[in-house]
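Counted the way this note's numbering counts, the sequence shown spans residues 3 to 108. Idealized CB from N, CA, C, for every residue including glycine. All of these numbers come straight from a predicted model, not from anything done at the bench.
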Amino acid sequence: MESESQPTPTELATGLVLIRRRRWYLWVAILIYLPALKLTMMLSSSTKVALSVVAIWLLISFSLAFYAALVRCPRCGNYFHMHGPTLLFLRKCLHCQLHLCADRQT
Ligand SMILES: [Zn+2]
Numbered sequence: 003m004e005s006e007s008q009p010t011p012t013e014l015a016t017g018l019v020l021i022r023r024r025r026w027y028l029w030v031a032i033l034i035y036l037p038a039l040k041l042t043m044m045l046s047s048s049t050k051v052a053l054s055v056v057a058i059w060l061l062i063s064f065s066l067a068f069y070a071a072l073v074r075c076p077r078c079g080n081y082f083h084m085h086g087p088t089l090l091f092l093r094k095c096l097h098c099q100l101h102l103c104a105d106r107q108t
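Set out below in structure tokens:
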């Protein structure tokens, strides 16, 4: 007796695109940190302003990490990046080992 049906290639691709997009948002937030801080230091010499930018960046980054962590694997239905309390942003599902680019392979 099978409790879960296998996803169609379209469902698999749609789910993987969603995972890649959320990971991409997180990477952009991480890469923006240093340029944003440098720009802030050039425009203002105030430490309070710089700390505000860091605090805002931390808030956005943690929110995006949480957003990316809650995406589910299109094949097994579990969280793609979480296994119990462990959060790892690997390129494979932590449950069924589905690769992030499985829809691009022939
Ligand atoms: Zn999976």
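Original post:
Considering only residues of the same chain and omitting the five flanking positions on each side of S5, which have a CB-CB separation below 8 Å?
Top reply: Here S5 scores only 48 on pLDDT, less than 50, and its place in the model is too uncertain to base an answer on.
Original post:
Residue range of the alpha helix (DSSP H) that V73 falls in?
Top reply: Neither: V73 is in no alpha helix (DSSP H) and is coded neither H nor E.
Subject >> Through-space distance from S47 to L18, alpha-carbon basis >> reply: 43 Å
Subject >> T88 versus L96: straight-line alpha-carbon distance, rounded >> reply: 9 Å
Subject >> Per DSSP, cross-strand counterpart(s) of H101 >> reply: K94
Original post:
Cα-Cα, which of A15, Y27 and Q8 is closest to F64?
Top reply: Y27
Original post:
If you follow the alpha helix (DSSP H) that Y27 is part of, which residue opens it and which one closes it?
Top reply: P11 to L45
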